[in-house]
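*Asks:* In this text, residue positions in the sequence shown follow the numbering used here: the first is 8, and each later residue adds one. One structure, pasted below without further comment.
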Amino acid sequence: MPARFELHGIALSGPTYKVALLLTLAGEPFDYVYVNMMQGEHKQPPHLSKQRYGQVPLLIDRNNGRHLCQSAAIMEYLADMTGKFGGGNLDERLQVREWMYWDFDRLASNVYRARGIRLGIRPAPPEVLEFSMAGGHAALKVLDEYLAGRQWIVGEGVTIADIDIYGVIAFADDGGFDLAAYSSIQAWVKRFEALPGFKGRKELLPMESRVAA
Ligand SMILES: N[C@@H](CCC(=O)N[C@@H](CS)C(=O)NCC(=O)O)C(=O)O
């Protein structure tokens, strides 16, 4: 029987990695469709007809034909569908959402932008890199202080808030952010990477399409 989910994306993409990681940690096999962004495949009609923003990731749920865009919305959907990682009650779900919105606003925006500039994917003047580094460090400080004495971001277990934020922290080094000064983040990263089923992005997202095992 074919896998229920089909994920379109690329290993360079943090948002794609977040979705792949969630599927993997939830034990949901998925077919992976490699989108060659270097050749502009994400702006061509076959992809645009499924992903209105011309971006990755795109997730297709073959059980109902849904085409889902935006990694945060996809993660919320998968948490609903699998009953995993969504938070144990309304208060936890609200906190999960709050942290995910914060991530996109303060952490992901700066870390991904700095990384894009350093890798030459998103050329920008030096002031933009400076601005992104300052914003990224301010966000890392907030996260580090919050994580002091905590195992996970919300409640007593892993949620999509952890997966979402890990999917940014995993790219911090490429962005030029040294995590050495953030001891609580480092301890949380170790716990996260020790989760059963955890996989790095290159293992999850090869440079070619792959059918679920
Ligand atoms: N907010 C979106 C961001 C997606 C995004 O920026 N994807 C990048 C790759 S990491 C992309 O497709 N860039 C091409 C473009 O925006 O034209 C999400 O979380 O899914």
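Beta carbons are placed, not taken as given, at the ideal position from N, Cα and C, and that holds for glycine.
Under 8 Å by Cβ, that's how I've got I167 and E83 pegged, so tell me the actual separation to the nearest angstrom.
*Replies:* Confirmed, Cβ separation roughly 7 Å.
*Asks:* Less than 8 Å between the CB of M44 and some heavy atom of ligand 1, yes or no?
*Replies:* Because some heavy atom of ligand 1 lies under 8 Å away, the Cβ of M44 counts as near it: yes.
*Asks:* Between V40 and S190, which are expected to be in contact by the criterion C-beta below 8 Å, what is the C-beta distance as a whole number of angstroms?
*Replies:* In fact, because the Cβ distance is near 39 Å, the residues do not count as touching under 8 Å.
*Asks:* Please determine whether the Cβ atom of I17 lies at a distance below 8 Å from any heavy atom of ligand 1.
*Replies:* Yes, ligand 1 has a heavy atom inside 8 Å of this Cβ.
*Asks:* Identify, in the order they occur along the chain, each residue of the same chain with its Cβ nearer than 8 Å to the Cβ of P130, setting aside the five sequence neighbours on each side.
*Replies:* The residues are I124.
*Asks:* With ligand 1 as the reference, list in chain order each residue whose Cβ lies under 5 Å from any of its heavy atoms.
*Replies:* Those residues, listed in chain order, are S20, P22, Q62, V63, Q77, S78.
*Asks:* Which ranges would you report for the alpha helix (DSSP H) in the region 36-92 if only whole runs of at least 4 residues count?
*Replies:* Here the runs fully enclosed are 52-55, 78-89.
*Asks:* Can we count M88 as close to ligand 3, meaning its CB is less than 8 Å from some heavy atom?
*Replies:* Absence of ligand 3 from the depicted structure is noted, with ligand 1 being the only ligands included.
*Asks:* What three-state label does DSSP hand E13 in the structure shown?
*Replies:* In this structure, E13 counts as strand in the three-state DSSP scheme.
*Asks:* One question on the structure: do S78 and T23 come within less than 9 Å of each other, judged by their Cβ atoms?
*Replies:* Result yes, Cβ atoms of S78 and T23 sit closer than 9 Å.
*Asks:* What does the alpha-carbon distance come out to for the pair A146 and D112?
*Replies:* About 10 Å.
*Asks:* Could you tell me which residues DSSP puts in a beta bridge with R217?
*Replies:* DSSP lists Y39 as partners of R217.
*Asks:* Reducing DSSP to helix, strand and coil, say where G182 ends up.
*Replies:* Coil.
*Asks:* Since I believe G162 is in contact with E99 (beta carbons under 8 Å), could you give me their beta-carbon distance rounded to a whole number of angstroms?
*Replies:* At roughly 5 Å, the Cβ-Cβ gap stays under 8 Å, so E99 and G162 are in contact.
*Asks:* Could you give the DSSP three-state label for K197: helix, strand or coil?
*Replies:* It is helical.
*Asks:* Is it buried or exposed, M107, if we count other Cβ atoms within 10 angstroms and call 16 or more buried?
*Replies:* The residue is buried, with at least 16 neighbouring Cβ atoms inside 10 Å.
*Asks:* Taking the CB atoms as reference points, tell me whether M88 and D68 lie closer together than 9 Å.
*Replies:* Against a cut-off of 9 Å, the Cβ pair of D68 and M88 comes out as a contact.
*Asks:* Using the beta-carbon count (16 or more within 10 Å), is D171 buried or exposed?
*Replies:* Under this definition D171 is a buried residue.
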